[in-house]
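Chemist: Sharing a structure with you now.
2 protein chains.
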Amino acid sequence: MKKIGIIGTGLIGGSFALALKQTGKYRIFVRDNNPEHLNQAIAMGLADGELRERICSELDGVILAVPVNVLPDIAEEFLNKTKEHTWIFDTGSIKSNLARRLKNHPARKRFVLSHPIAGTEYSGPKAAVPGLFQGKINIICNPGETDKKMLDKVVKLHEELGMTNYFLQADEHDKHIAYVSHLSHVSSFILGKTVMDVEENEQNIFLMAGSGFASTVRLAKSSPETWTPIFLHNKEALLKVLKAYIDNLNIFVDLLEKDREEEIKNLLANINKIGKIIDGIK
Amino acid sequence: MKKIGIIGTGLIGGSFALALKQTGKYRIFVRDNNPEHLNQAIAMGLADGELRERICSELDGVILAVPVNVLPDIAEEFLNKTKEHTWIFDTGSIKSNLARRLKNHPARKRFVLSHPIAGTEYSGPKAAVPGLFQGKINIICNPGETDKKMLDKVVKLHEELGMTNYFLQADEHDKHIAYVSHLSHVSSFILGKTVMDVEENEQNIFLMAGSGFASTVRLAKSSPETWTPIFLHNKEALLKVLKAYIDNLNIFVDLLEKDREEEIKNLLANINKIGKIIDGIK
């Protein structure tokens with residue numbers, strides 16, 4: 018049985034733990050700076066035990082599933098205290114800052130910058146689900162900076178959980194992910210805020226909310242501890258995207274104010290083409 | 018068997034047809050100004066036949082499931098050509114314009130302003146699903162303007178399909194629905210546009226899109242024929258809501274530009290409270 022350390026027992030770390038344990042090939046040791054989550058994870062059987070210092074040198078691999086603001090320090094810590102045979106990958110939603118921080122680390126070649134495109138709006142160990150990664154995409158950044166054998170092991174582990182790996186440069190990853198993930202989270206949070214602001218005075222407004230509303234504000238339930246550092250660390254790309262979004266909203270407001278029926282209809286018909294793209298997303 | 022006429026064989030009209038036919042108590046006759054949809058609906062067995070003029074006087078009830086721009090004319094047409102025993106209800110997403118138009122019609126008491134809070138992002142007869150209304154809310158506006166017996170029949174028909182009816186004034190309905198439905202549709206359409214604009218140059222961006230993105234842009238697949246008139250006819254309320262949304266987005270941009278970590282975290286944590294509200298939506 019291979020020994021894997023997982024740092025962070027939330028939605029992502031917990032789901033890796035469950036999925037790996039289901040294969041029957043791994044023993045899982047976990048660490049979490051939240052003692053309640055740690056105890057919950059072990060009580061739930063997500064892990065075989067707590068990751069104690071003395072086990073670190075025996076680990077085959079380490080998965081870092083912590084918020085992106087604390088990730089670089091923890092990445093360095095584990096590159097320092099694990100042995101030459103140990104691979105390490107993170108699961109963070111942004112990659113450039115970590116790539117820069119680790120660039121000159123003597124053990125950089127044992128690290129894989131990795132981002133599984135999988136998640137839900139829930140958080141903590143109880144949010145973990147074993148099939149979270151099945152059929153999903155995993156993005157690996159700057160693969161040339163990792164030792165080929167270490168990279169292969171991490172690629173195969175993701176394949177074992179049903180994922181397909183793609184390779185991308187870290188700065189490209191961060192620029193694109195602002196569009197297809199971070200913007201969705203901001204739009205959803207702010208949509209939630211806008212409706213809650215009025216709801217304070219209008220108690221029965223949510224009676225009228227249907228599945229469309231639920232779908233667009235689903236991500237407003239996401240964890241502030243996870244998402245605040247993501248937004249701040251991908252600030253430059255996210256601001257660019259948010260300004261484009263606000264510009265497009267203002268264009269729509271202008272069309273609406275001027276009763277430009279045909280232009281609005283053409284705009285919406287054009288946007289409809291996104292349907293075939295969305296239908297391909299799992 | 019009761020005879021029901023359904024005008025419009027799209028998602029909503031088609032789903033009413035299927036649900037009513039499943040009860041075994043209704044014969045359904047349909048009309049659609051799109052001949053392809055009409056033939057499709059009949060071929061699919063959504064209806065027992067086309068609604069011909071001579072059947073109109075025999076109908077027990079009429080359901081109007083047409084875009085809100087053509088709805089007032091069609092509502093008047095059917096109030097004029099059906100008999101005293103025939104109830105009529107619409108299913109439109111806005112109510113004030115129709116309420117005003119019908120206010121002084123001599124047969125106003127046979128009409129129920131009705132809005133089932135149910136739907137999907139798909140359109141046309143093929144989008145119809147028999148269980149669409151099961152467990153959902155139906156909003157009936159200005160119930161005092163309808164004859165009590167007619168109102169009871171329409172209320173019971175919705176209950177028969179598994180819905181719970183609520184009563185509201187038309188102007189209140191339109192104001193609230195802008196927040197919990199129309200805003201979601203605009204935010205989703207414009208999110209889709211923003212991402213598609215950049216995708217023209219970046220072909221592989223959608224590789225990185227996960228379920229969160231799919232959820233927030235799902236409504237961008239909605240029909241322009243349905244939604245353009247809704248947006249335009251609820252323009253005043255929608256503009257107010259859209260401006261509040263853009264203001265809140267600009268506040269977020271400002272917090273992000275100034276790296277206000279604690280304020281962003283508190284904002285998101287506050288918005289998280291919407292979770293328990295969303296969880297109650299079916």
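For the protein sequence lines, the chains are X and S, in the order given.
Quick note on numbering: the first sequence equals residues 18 to 299 in our numbering.
Quick note on numbering: the second sequence equals residues 18 to 299 in our numbering.
Cβ atoms here follow ideal geometry from the backbone N, Cα and C, with glycine treated the same way.
#1: Report yes if the CB atom of residue 2/S is closer than 9 Å to the CB atom of residue 57/S, and no otherwise.
#2: Using a Cβ cut-off of 7 Å, pull out every chain X residue sitting near residue 274/S, in sequence order please.
#3: Can you tell me the Cβ-Cβ gap for residue 95/X and residue 115/X, rounded? I've got them flagged as a contact below 8 Å.
#4: Name, in chain order, the residues that DSSP records as bridge partners for residue 131/X.
#5: For residue 130/S and residue 195/S, which I take to be in contact (beta-carbon distance under 8 Å), what is that distance rounded to the nearest angstrom?
#6: Quick one: which residues of the region 198-217 of chain S get their C-beta closer than 9 Å to a C-beta of chain X? List them in chain order.
#7: Let me know the secondary structure DSSP gives residue 182/X once reduced to three states.
#8: Identify which residue in 207/X, 206/X, 285/X, 253/X has its Cα closest to the Cα of residue 244/S.
#9: Give the DSSP-derived three-state secondary structure of residue 81/X in the structure shown.
#10: Could you tell me which chain X residues have their CB closer than 7 Å to the CB of residue 278/S, listed as they occur along the chain?
#11: Flag residue 289/X as yes if its beta-carbon sits less than 9 Å from any beta-carbon of chain S, otherwise no.
#12: Are the CB atoms of residue 198/S and residue 209/X nearer to each other than 9 Å?
#13: Output yes if chain S places a C-beta closer than 9 Å to the C-beta of residue 111/X; else output no.
#14: Measure the Cβ-Cβ separation of residue 124/X and residue 97/X and say whether it is below 9 Å.
#15: By the 10 Å Cβ neighbour count, where 16 or more other Cβ atoms means buried, how is residue 89/S classified, buried or exposed?
#16: Tell me the rounded alpha-carbon separation between residue 118/S and residue 92/S.
#17: Given a cut-off of 9 Å, decide if residue 77/S and residue 103/S are closer than it, judged by their beta-carbon atoms.
#18: Go ahead and pull the three-state DSSP assignment for residue 164/X.
#19: Name the two residues that bound the continuous alpha helix (DSSP H) containing residue 223/S.
#20: Below 8 Å between beta carbons is the criterion; list the residues of the region 24-41 of chain X that meet it against any residue of chain S, in chain order.
#21: List the residues of chain S whose Cβ lies closer than 7 Å to the Cβ of residue 282/X, in chain order.
#22: Who are the neighbours of residue 157/X on chain S, taking C-beta pairs under 9 Å?
#23: How many whole angstroms separate the CB atoms of residue 237/S and residue 291/X, which I take to be in contact at a CB cut-off of 8 Å?
#24: Does the beta-carbon of residue 74/S have 16 or more other beta-carbons within 10 angstroms, so that it is buried, or is it exposed?
#25: Quick one: residues in its chain with C-beta nearer than 8 Å to the C-beta of residue 324/X, no 5 flanking neighbours on either side, listed in chain order?
#26: When you compare the CB positions of residue 162/S and residue 120/S, do they come within less than 9 Å of one another, or not?
#27: Chain X partners of residue 225/S, CB-CB under 9 Å?
#28: Check for me: the beta strand (DSSP E) holding residue 20/X runs from which residue to which?
#29: Closest by CA to residue 35/S, which one among 138/S, 148/S, 173/S?
#30: How many angstroms separate the CA atom of residue 250/X from the CA atom of residue 157/X?
#31: Hey, quick one: how far does the alpha helix (DSSP H) through residue 269/S stretch, first residue to last?
#32: Nearest to residue 293/X by CA position, among 235/S, 150/S, 275/S, 254/S, is which residue?
#33: By Cβ distance below 6 Å, which residues in the same chain neighbour residue 240/X in space, the five residues on each side in sequence not counted?
#34: What did DSSP end up calling residue 111/S once you bin it into helix, strand or coil?
#35: Does any C-beta atom of chain S lie closer than 9 Å to the C-beta of residue 141/X?
#36: In the DSSP assignment, find the alpha helix (DSSP H) that holds residue 72/S and state where it starts and stops.
Modeler: With the structure as the only source:
#1: No statement about residue 2/S is possible, as the shown extent of chain S runs from 18 to 299 and does not include it.
#2: From the beta-carbon of residue 274/S, the residues of chain X found nearer than 7 Å are 256.
#3: Actually they are not in contact, since the Cβ atoms of residue 95/X and residue 115/X sit about 12 Å apart, beyond 8 Å.
#4: For residue 131/X, which the question treats as bridged, DSSP gives the partners 157/X.
#5: Distance from residue 130/S to residue 195/S at the Cβ level is roughly 17 Å; contact not present, criterion being Cβ atoms closer than 8 Å.
#6: Within the region 198-217 of chain S, the residues whose Cβ lies closer than 9 Å to any Cβ of chain X are, in chain order, 198, 200, 201, 202, 203, 204, 205, 206, 207, 208, 209, 210, 211, 212, 213, 214, 215, 216.
#7: It is a strand residue.
#8: Among 207/X, 206/X, 285/X, 253/X, the Cα nearest to that of residue 244/S belongs to 285/X.
#9: Residue 81/X: strand per DSSP, three-state reduction.
#10: Under the 7 Å cutoff, chain X gives 245, 249.
#11: The C-beta of residue 289/X comes closer than 9 Å to at least one C-beta of chain S.
#12: In this structure, residue 209/X does not lie closer than 9 Å to residue 198/S by Cβ.
#13: Chain S, which has no Cβ nearer than 9 Å to the Cβ of residue 111/X, makes this no.
#14: The Cβ-Cβ distance between residue 124/X and residue 97/X falls below 9 Å.
#15: Residue 89/S counts as buried, since no fewer than 16 other beta carbons sit within 10 angstroms of its beta carbon.
#16: Approximately 9 Å, taken between the alpha carbons.
#17: For residue 103/S and residue 77/S, yes; Cβs fall inside 9 Å.
#18: It is coil, neither helix nor strand.
#19: Neither: residue 223/S is in no alpha helix (DSSP H) and is coded neither H nor E.
#20: Within the region 24-41 of chain X, no residue qualifies.
#21: Here the neighbours are 241, 245.
#22: Correct list: empty, because the minimum Cβ distance to chain S is about 12 Å.
#23: Approximately 5 Å separates the beta-carbon atoms of residue 237/S and residue 291/X; this is inside 8 Å, confirming the contact.
#24: Counting the other Cβ atoms within 10 Å of the Cβ of residue 74/S gives fewer than 16, which makes it exposed.
#25: Past the boundaries of the shown model lies residue 324/X; chain X is included only from 18 to 299, so the question cannot be answered.
#26: Inclusion of residue 162/S and residue 120/S in the CB contact set at 9 Å is warranted, their separation being smaller than that value.
#27: Per Cβ cutoff of 9 Å: 132, 134, 154, 156, 183, 185, 190, 193, 194, 196, 197, 198.
#28: Segment 19-24, the beta strand (DSSP E) holding residue 20/X.
#29: Scanning 138/S, 148/S, 173/S for the CA closest to the CA of residue 35/S turns up 148/S.
#30: Their backbone Cα atoms lie some 19 Å apart in a straight line.
#31: Start and end: 252-274.
#32: It is 235/S.
#33: Contacts found: 140.
#34: If DSSP states are grouped into helix, strand and coil, residue 111/S belongs with coil.
#35: Not closer than 9 Å to any Cβ of chain S, the Cβ of residue 141/X fails to qualify, so no.
#36: Counting along the chain, no alpha helix (DSSP H) covers residue 72/S, and no H or E run does either.
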